[in-house]
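There are 2 protein chains.
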Amino acid sequence: MNIKLAIDAMGGDDAPDMIIGGVGLAQKKYPSVFFLIFGDEAQIRPLIVKYKLDQARLRIIHTNEVITGDMKPSAALRGSKSSSMRLAIEAVADGQADAVVSAGNTGAYMALSKIILKPLAGIDRPAIAASIPTLLGKRGVMLDLGANVECSAENLVQFAMMGQVFSQQVLGNTVPSVGLLNIGAEDLKGNAIIKETHALLKESRWVSNFQGFVEGTDVLTGKVDVIVTDGFTGNVSLKTAEGSFTIFKQFLMANFGRNWWTRLTYLLARPVLKAFSAQFDPRQNNGAPFLGLNGISVKSHGGTDAIGFSYAIAVAIDMVDRDVNKLIREGLEQWHADMGSRGQDAVVVPLRAQG
Amino acid sequence: MNIKLAIDAMGGDDAPDMIIGGVGLAQKKYPSVFFLIFGDEAQIRPLIVKYKLDQARLRIIHTNEVITGDMKPSAALRGSKSSSMRLAIEAVADGQADAVVSAGNTGAYMALSKIILKPLAGIDRPAIAASIPTLLGKRGVMLDLGANVECSAENLVQFAMMGQVFSQQVLGNTVPSVGLLNIGAEDLKGNAIIKETHALLKESRWVSNFQGFVEGTDVLTGKVDVIVTDGFTGNVSLKTAEGSFTIFKQFLMANFGRNWWTRLTYLLARPVLKAFSAQFDPRQNNGAPFLGLNGISVKSHGGTDAIGFSYAIAVAIDMVDRDVNKLIREGLEQWHADMGSRGQDAVVVPLRAQG
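Put into structure tokens, the structure is as follows:
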């Protein structure tokens, strides 16, 4: 594969250090990927030396402008014409890069991605998705995670469709099951939009495997492959799960560190605890693709480290490799064609066999 | 203490078995508490023998009627005049019992509690609260957890006030810090209601320690003592944290059970893993008080077991013991008096020294 990635070097709490460190880790894992690195050359150069990056497989595109974490999306749209984030997204729109990765201001990143890459036909609102680890080892996907604080039933149905394609094509679930996040499993629970969405998804022939409502307890169980929710609830839920992992790990480490005996038992229990981290560590699950855009745009946690950022890069490479956007686009086209010929319906996804 | 508790024996997935088992455990821990048990005597009698309850400290009030899990709150209000749930709540209103505990239908339980016990003056909407374990060992409180799917800024400000009193009086945090659950810490994040609530709490002289926005990652850290949120978000967030604990524990147990060597390391690591469970196990954190009512009403998880139900009983005993409702009422009275003399303000809580 001959993939080129645009990297915003200046977004995130510990940028550009953790960004360049992450690119270094990704270069080791993906020897054929080329990196276009957007940001302040004076800061980036020494880090490239520090992290021993392969200079033949990267190019720095210098800019001083940065979109800060507290900048409003509207301000980011108006100004900052040559910010590292904007230039990196434009590289995808121009065909210079296959995907862009940023750990910067989420609102600005989504707004700029929408303006520059444009939503896919038939998608009113792109969504932030995340692949989530589950007990059974197979991976779920939850969306939206914060792009759309308030959502209509139609938005949520579109999320279901995009999630279905992502689950099938990227995560390998042949007939993905879909659940709608609610505060109870009974039909009478929830607000008006949730109930309307439930009715739309239930009646639809195109969501082949709608399982009804799921609850917060189901986020990590793998009970369904696709969890559909508005951006407010999804953001809080995913961050609660991430926070729970972090707290539980800190608690275990503090208690294993209590005395020489517990430290010894830690060494013996370490393989199991390592497997636990490998499965649930937010760093190793970092990288949230924006779904519903004409181009691949992946958001990294702002608070991650080099290891975490390298995982977000891996998600972008995966998305390019599987040509996910083409598949979502084809799904939408077939949906619209079917709607034209068969009248109104909610969602169609062509369920293709895994290649 | 001479506490009498009303118990709805018929609510919850495994009722009445787990209810009577839970009462049995509570009888051992609280030898002076008397139990009024509402439900089907024919089912309850054998369980009282099975779990060896002290019959001198309980009375069965027989009824055949049960409010089922799928009953709408409106149906529960109209019919079921002698359901076990309704009779148990009425025992509190009549002064026969000091508090009521049920693991039944949450919506019906809240609706009946509101109608029978009545909200406190100044509280538009009672809330479901839960005391949550944190990394540092001190306990936080989050509300609302599902009683109010949609909330106004005024509702949320009232939740902040009630949570402040609960944190101070029951959980022992002298000057409780208060946070508003949102999808980011920056002021510009969130929907209109969240922003309005933020402004009200920030300007208020009566929320002494408002810390602004908190995120899902902060739910278990103890960053703030009181987490304020609407019932939809709070329900999903708490259930996500509970689900995370369950999944993480299942993952660890499965991996420790893999072969004789890992099983041996489990035995050695067991004290630390036990401490982990003791801190975060949802069963040991079971029991969500309804705050803002003229009477103490505690909700148990429907899916818990006897151990979990005994913890919900313990919460009710604690609430009676500390006279929490009187303190919330006094806080509200002082707030209203202050509002009368000083003009509009959001919230007042008298910060009294711990007794």
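First to last, the protein sequences are chains L and R. Just so it is clear: in the first sequence, position 137 is 140 by my numbering, and no numbers are missing. Just so it is clear: in the second sequence, position 119 is 122 by my numbering, and no numbers are missing. Here a beta-carbon is modelled for each residue, glycine too, at the ideal position from N, C-alpha and C.
*Taking Thr-265/R as the query, report the chain L residues whose CB atoms sit under 7 angstroms from its CB, ordered along the chain.*
In the second sequence, residue 265/R corresponds to position 262, counting from 1. Within chain L, the residues near Thr-265/R are Val-275.
_In the DSSP assignment, the beta strand (DSSP E) including Ala-130/L goes from what residue to what residue?_
Sequence index remark: in the first sequence, residue 130/L carries index 127 (1-based). Here the beta strand (DSSP E) through Ala-130/L covers 130 to 136.
*Under the DSSP definition of a beta bridge, which residues are partnered with Arg-142/R?*
Along the second sequence, read from residue 1 onward, the residue named residue 142/R stands at position 139. Pro-136/R.
*With respect to the alpha helix (DSSP H) encompassing Ala-272/R, which residues constitute its N-terminal and C-terminal limits?*
Here residue 272/R is taken as the residue at index 269 of the second sequence, counted from 1. First-last of the alpha helix (DSSP H) with Ala-272/R: 263 to 283.
_Give me the residue from Ala-244/R, Leu-267/R, Ala-272/R, Trp-263/R with the minimum Cα distance to Pro-285/R._
What you label residue 285/R is simply residue 282 of the second sequence in a count that begins at 1. Closest by alpha carbon: Ala-244/R.
*Hey, out of Val-181/L, Ser-35/L, Asp-57/L, whose CA is closest to Trp-209/L's CA?*
Position 206 of the first sequence, counting from 1, holds the residue named residue 209/L. The shortest Cα separation from Trp-209/L among Val-181/L, Ser-35/L, Asp-57/L belongs to Val-181/L.
*For Glu-189/L, go through chain R and note every residue whose CB falls closer than 8 angstroms to its CB, in chain order.*
Numbered from 1 along the first sequence, position 186 holds the residue referred to as residue 189/L. Neighbours of Glu-189/L on chain R, chain order: Gly-72, Asp-73.
_Candidates Met-13/L, Asp-16/L, Glu-333/L, Val-323/L, of which the one nearest Val-173/L by Cα_ = Mapped onto the first sequence, residue 173/L falls at position 170. Comparing Cα positions, the closest option is Val-323/L.
*Close beta carbons around Thr-109/R, own chain, < 7 angstroms, minus the five adjacent residues each side*: By 1-based counting over the second sequence, the position of residue 109/R is 106. Closer than 7 angstroms at the Cβ level, and outside the excluded window around Thr-109/R, lie Gly-149, Lys-302.
*asked:* For Asp-97/L, count the other beta carbons within 10 Å of its own beta carbon; 16 or more makes it buried, fewer makes it exposed. Which is it?
replied: Stepping through the first sequence from its first residue, residue 97/L is reached at position 94. When all chains shown are included, Asp-97/L counts as exposed.
*Counterpart residues of His-65/L in DSSP-defined beta bridges*: Sequence index remark: in the first sequence, residue 65/L carries index 62 (1-based). According to DSSP, which records beta bridges pairwise, His-65/L is partnered with Gly-42/L.
_If I measure Cβ to Cβ from Phe-41/L and keep anything under 7 angstroms in the same chain, skipping five residues before and after, which residues do I get?_
Stepping through the first sequence from its first residue, residue 41/L is reached at position 38. Counting only Cβ-Cβ distances below 7 angstroms, and skipping sequence neighbours, we find Ala-9, Ile-10, Asp-11, Ala-12, Ile-64, Thr-66, Ser-87, Leu-90, Ala-91.
*To which residues of the same chain is Asn-176/L closer than 6 angstroms at the C-beta, ignoring the five residues directly before and after it?*
The residue you call residue 176/L lines up with position 173 of the first sequence. The answer, listed in chain order, is Ser-170, Asp-228.
*Identified DSSP bridge partners for Lys-302/L*: Within the first sequence, residue 302/L is the residue found at index 299, counting from 1. DSSP lists Ser-105/L, Ala-291/L as partners of Lys-302/L.
_Expected contact under 8 angstroms - CB spacing of Leu-138/L and Thr-268/R to nearest Å_ = Residue mapping note: residue 138/L aligns to position 135 of the first sequence, counting from 1. Residue mapping note: residue 268/R aligns to position 265 of the second sequence, counting from 1. The pair is not a contact, with the Cβ atoms about 21 angstroms apart (cut-off 8 angstroms).
*May I ask you to list, following chain order, the residues of the region 243 to 255 of chain L that have a beta carbon less than 8 angstroms from some beta carbon of chain R?*
Thr-243, Ala-244, Glu-245, Gly-246, Ser-247, Phe-248, Thr-249, Ile-250, Phe-251, Gln-253, Phe-254, Leu-255
*Minimum C-alpha distance to Phe-251/R - residue among Phe-235/L, Asn-258/L, Ser-280/L*: As a first step, residue 251/R must be located in the second sequence, where it is residue number 248. Among Phe-235/L, Asn-258/L, Ser-280/L, the Cα nearest to that of Phe-251/R is on Ser-280/L.
*Is Val-318/L near the ligand ATP, going by C-beta to nearest heavy atom under 8 angstroms?*
Judged by which ligands are present, the structure shown has none, so any question about the ligand ATP falls away.
*At least one CB of chain R closer than 9 angstroms to the CB of Tyr-269/L: is that the case?*
Start at 1 with the first residue of the first sequence, and residue 269/L comes out as number 266. Yes, Tyr-269/L lies at the interface with chain R (some Cβ there is under 9 angstroms from its Cβ).
*Out of curiosity, what's the CA-to-CA distance linking Asn-158/R and Arg-128/R?*
The residue labelled residue 158/R in the question sits at position 155 within the second sequence. The residue labelled residue 128/R in the question sits at position 125 within the second sequence. Approximately 7 angstroms between the Cα atoms of the pair.
*By a C-beta neighbour count over all protein chains shown, 10 Å radius and 16 as the cutoff for buried, is Glu-218/L buried or exposed?*
The residue given as residue 218/L occupies position 215 in the first sequence. Under this definition Glu-218/L is a buried residue.
_Proximity test, Cβ basis, 9 angstroms: Gly-25/L and chain R_ = Taking the first residue of the first sequence as 1, we reach residue 25/L at position 22. No, Gly-25/L does not count as interfacial toward chain R.
*Mind checking if Asn-258/L is an interface residue toward chain R, Cβ cutoff 9 angstroms exclusive?*
To locate residue 258/L, count along the first sequence from 1; it is residue 255. At least one chain R Cβ lies under 9 angstroms of Asn-258/L.
*Report yes if the CB atom of Phe-293/L is closer than 9 angstroms to the CB atom of Ala-100/L, and no otherwise.*
Within the first sequence, residue 293/L is the residue found at index 290, counting from 1. Within the first sequence, residue 100/L is the residue found at index 97, counting from 1. For Phe-293/L and Ala-100/L, no; Cβs fall outside 9 angstroms.
_Neighbour flag for Leu-80/L against chain R, beta carbons, 9 angstroms_ = If you number the first sequence from 1, residue 80/L lands on position 77. Judged by the 9 angstroms Cβ criterion, Leu-80/L is not in contact with chain R.
*Please report the Cβ distance between Ala-188/L and Phe-162/L, rounded to the nearest whole angstrom; I am assuming they are in contact, meaning their Cβ atoms lie under 8 angstroms.*
Taking the first sequence and counting its residues from 1, the one referred to as residue 188/L is at position 185. Taking the first sequence and counting its residues from 1, the one referred to as residue 162/L is at position 159. Not a contact, Cβ separation roughly 20 angstroms.
_Residue-chain proximity (Phe-279/L, chain R), Cβ-Cβ < 9 angstroms_ = The count along the first sequence starts at 1 and reaches residue 279/L at position 276. Yes - at least one Cβ of chain R is within 9 angstroms of the one on Phe-279/L.
*Please state whether DSSP places Ser-172/L in a helix, a strand or coil.*
Stepping through the first sequence from its first residue, residue 172/L is reached at position 169. According to the sequence as given, residue 172/L is Gln; it is not Ser. Gln-172/L: helix per DSSP, three-state reduction.
*Do Gly-305/R and Gly-14/R have their C-beta atoms within less than 9 angstroms of each other?*
Locating residue 305/R in the second sequence gives position 302, where the first residue counts as 1. Locating residue 14/R in the second sequence gives position 11, where the first residue counts as 1. Closer than 9 angstroms, so yes.
*Would Lys-192/R be called buried (16 or more neighbouring beta carbons within 10 Å of its own) or exposed?*
On the second sequence, position 189 is the one that residue 192/R refers to. Lys-192/R is buried by the Cβ-count criterion.
*Could you tell me how far apart the beta carbons of Val-222/R and Met-145/R are, in whole angstroms, since I believe they sit closer than 8 angstroms?*
If you number the second sequence from 1, residue 222/R lands on position 219. If you number the second sequence from 1, residue 145/R lands on position 142. The pair is a contact, with the Cβ atoms about 7 angstroms apart (cut-off 8 angstroms).
_Since Asp-147/L and Gly-225/L should fall inside the 8 angstroms C-beta cutoff, what is the C-beta to C-beta distance between them, to a whole number of angstroms?_
The sequence position of residue 147/L within the first sequence is 144, counting from 1. The sequence position of residue 225/L within the first sequence is 222, counting from 1. In fact, because the Cβ distance is near 20 angstroms, the residues do not count as touching under 8 angstroms.
_What are the residues in the region 191 to 215 of chain L lying within 8 angstroms of chain R by C-beta distance?_
Leu-191, Lys-192, Gly-193, Asn-194
_The alpha helix (DSSP H) that contains Val-239/L, what's its start and end?_
Taking the first sequence and counting its residues from 1, one reaches residue 239/L at position 236. That run of the alpha helix (DSSP H) goes 234 to 259.
*asked:* Tell me the residue span of the beta strand (DSSP E) that contains Leu-183/R.
replied: The sequence position of residue 183/R within the second sequence is 180, counting from 1. Run containing Leu-183/R: 181 to 184, per the beta strand (DSSP E) assignment.
_Pairwise C-alpha distance: Ile-230/L and Asn-151/L_ = Residue 151/L sits at position 148 when you count from the first residue of the first sequence. Residue 230/L sits at position 227 when you count from the first residue of the first sequence. Roughly 15 angstroms between the two C-alpha positions.
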